[in-house]
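S.K.:
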Amino acid sequence: MENMISNQLATLGHPQRLSVFRTLMRRIPDQVAAGDLAEALDIKPSTLSNYLNALQRCGLVTQERSGTSLLYSVELKNVQEMLGFLLNDCCRGRPDICMPLERGKGTMTDRKFNVLFICVGNSARSIFAESLLRDIAGDRFNAYSAGTMPYSELNPFALQVLNDKGHDTSVLRSKNVTEFSGPDAPELDFVFTVCNNAANEECPAWEGQPISGHWGMTDPVRAEGTDAEKSLAFQNAYGALRRRIQAFASLPAESLDQIALQTAVDDIGRTPEDLR
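Numbered by my numbering, the letters in the sequence shown go through residues 14 to 289 in order.
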C-alpha cells in the first residue's frame with residue numbers, strides 16, 4: 014500500500030500531470046476524450062499521452078475505448094484510498110489539523126439553499142438553469158448564475174425560449190463568477206458547471222465547501238443553420254436542463270448528509286444527454 018501511495022504522489026508531483034488529474038477531477042462524472050484534454054490544457058497530444066499513461070500506471074486514471082476515441086476518467090476508489098491513507102498516516106486521523114474535511118458529518122440545514130450555475134458565457138445554459146430552479150423550487154432555493162468569461166448580453170434565442178415558457182427575464186443579467194467569491198457574496202451550498210469549458214477552468218475556491226457537480230451539455234449558442242434550427246437547439250438545451258433541475262429539486266436535501274447529496278448530484282450528471 015505504501016509503495017503504491019508513494020508512486021501516486023510522485024506521479025502527481027509533476028505540475029502538468031497534476032493539471033491533467035485536476036481537470037479530470039473537475040469533469041466528474043464525465044469520461045473525457047484525450048483530444049478534449051489536450052485542447053483544454055494546451056498540451057501536445059504525444060506529451061499528454063505520456064502523462065495519461067503515467068496516471069494510469071499508478072491507478073489514478075482509467076481508460077475506456079468508445080469507437081475510435083479513448084476516454085479517460087478518474088479512478089475514484091483509488092483516489093479515495095490515497096487520500097484516506099494520507100489522512101490516517103500523516104494526520105493521524107485528525108482532519109481538524111490537516112484539512113477542513115467536514116463532508117458527511119450531518120444533514121443540510123432547513124434554510125433556503127444557495128445554488129450557483131456556471132458556464133463560460135452566462136448567456137444561455139446557466140441562465141436557463143437559474144430561471145428553471147427559481148420557478149420550480151424558488152421556495153427552497155436561491156438560484157444564481159455566472160460565467161467565467163460572460164458576454165455583455167444574454168443570447169436572444171435563450172431569452173425568447175424563456176419568455177415563451179413564461180419565465181421572468183427582467184431579473185436576468187450576465188455576471189462574472191468573481192461576484193460570488195467576494196466578502197459580500199452569498200454563501201453557496203451547491204455549485205454546478207453546465208458546460209465542459211467552464212469545468213476545465215480554474216474557478217474560485219468556494220468558502221464553506223459547497224457540494225459541486227458537473228452537468229456538461231451541448232452549447233446551443235454554437236448551433237448553426239437557419240433561425241428555426243438554432244431555436245430548436247435552445248429548446249433542446251432548455252428541456253434537458255429542465256429534467257435535471259426537476260430531479261435536483263426533488264432531492265430531500267434537508268434530510269441527506271453531504272456525501273449522499275454529492276452522490277445524488279453526480280448521478281444526475283451521468284444521465285445520457287438524449288434523456289436529459
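Glycine is no exception: its CB is placed at the ideal position from the N, C-alpha and C atoms.
Quick caveat: nothing in here was measured; it's all calculated off a predicted structure.
1. Specify, as a first and last residue, the run of the beta strand (DSSP E) that Leu129 falls within.
2. As an exercise, report each continuous beta strand (DSSP E) stretch of at least 3 residues that is fully enclosed by the segment 22-86, in chain order.
3. From the DSSP secondary-structure annotation, give me the bridge partner or partners of Asn155.
4. Measuring alpha carbon to alpha carbon, tell me which of Asp148, Ser158, Ala159 ends up nearest Asn176.
5. Could you tell me which residues DSSP pairs with Thr206 in its beta bridges?
6. Do Lys188 and Asn155 have their beta-carbon atoms positioned less than 8 angstroms apart in this structure?
7. Give me the residue from Asp55, Asn101, Asn16 with the minimum Cα distance to Gly72.
8. Cβ of His227 within 8 angstroms of Cβ of Gly282?
9. Just how far apart, CA to CA, sit Thr206 and Ala212?
10. In this structure, does DSSP put Asn213 in helix, strand or coil?
11. Candidates Asp152, Tyr157, Asn127: which alpha carbon is nearest Ser136's?
12. Can you list, in chain order, the residues of its chain with a C-beta nearer than 8 angstroms to that of Arg153? Leave out the 5 residues immediately preceding and following it.
13. Report the partner residues of Asn189 according to the DSSP bridge assignment.
14. With a threshold of 8 angstroms on Cβ separation, who are the neighbours of Val87 within its own chain once the five nearest residues in sequence on each side are excluded?
15. Report the rounded CA-to-CA distance for His180 versus Ser144, giving the unit in angstroms.
16. Helix, strand or coil: how does DSSP classify Lys178 here?
17. Taking Phe247 and Ala198 to be in contact with their CB atoms under 8 angstroms, please state how far apart those CB atoms are, rounded to whole angstroms.
18. Pick out whichever of Thr191, Ser165, Gln93 has its Cα sitting closest to the Cα of Leu129.
19. Decide if the segment 59-71 is in contact with the segment 23-32; the criterion is three or more beta carbon pairs, one per stretch, under 8 angstroms apart.
20. Where Gln271 and Ala142 are concerned, what is the direct C-alpha to C-alpha distance, given to the nearest angstrom?
M.R.: Taking the coordinates as given:
1. Per DSSP, the continuous beta strand (DSSP E) segment holding Leu129 begins and ends at 126-132.
2. The beta strand (DSSP E) runs of length 3 or more contained entirely in the segment 22-86 are, from start to end of the chain, 74-79.
3. Per DSSP, Asn127.
4. Ranking Asp148, Ser158, Ala159 by Cα distance to Asn176 puts Asp148 first.
5. For Thr206, the pairing in a beta bridge is given by DSSP as Ile131, His227.
6. No, they are not a contact pair.
7. Checking every option, the nearest Cα to that of Gly72 belongs to Asn16.
8. It is a contact, given that the beta carbons lie within the stated cut-off.
9. One alpha carbon belongs to Thr206, the other to Ala212, and they sit about 6 angstroms apart.
10. Assigned with DSSP and collapsed to three states, Asn213 falls in helix.
11. Taking Ser136 as reference, the option from Asp152, Tyr157, Asn127 with the minimal CA-CA separation is Tyr157.
12. Excluding positions up to five away in sequence, the list reads Lys125, Phe126, Ala262, Ala266.
13. By DSSP's assignment, Asn189 forms a beta bridge with Gly160.
14. So the list reads Phe34, Leu37, Met38, Ile41, Leu73, Val74, Thr75, once near-sequence residues are dropped.
15. Going by C-alpha positions, His180 is about 7 angstroms away from Ser144.
16. In the structure shown, Lys178 sits in coil (DSSP, three-state: anything other than H, G, I, E or B).
17. Contact check for Phe247 and Ala198: beta-carbon distance about 29 angstroms, past the 8 angstroms limit, so the pair fails to qualify.
18. Nearest of Thr191, Ser165, Gln93 to Leu129, Cα basis: Thr191.
19. With the cut-off at 8 angstroms, the segment 59-71 and the segment 23-32 touch.
20. Near 22 angstroms, if we compare the C-alpha coordinates of Ala142 and Gln271.
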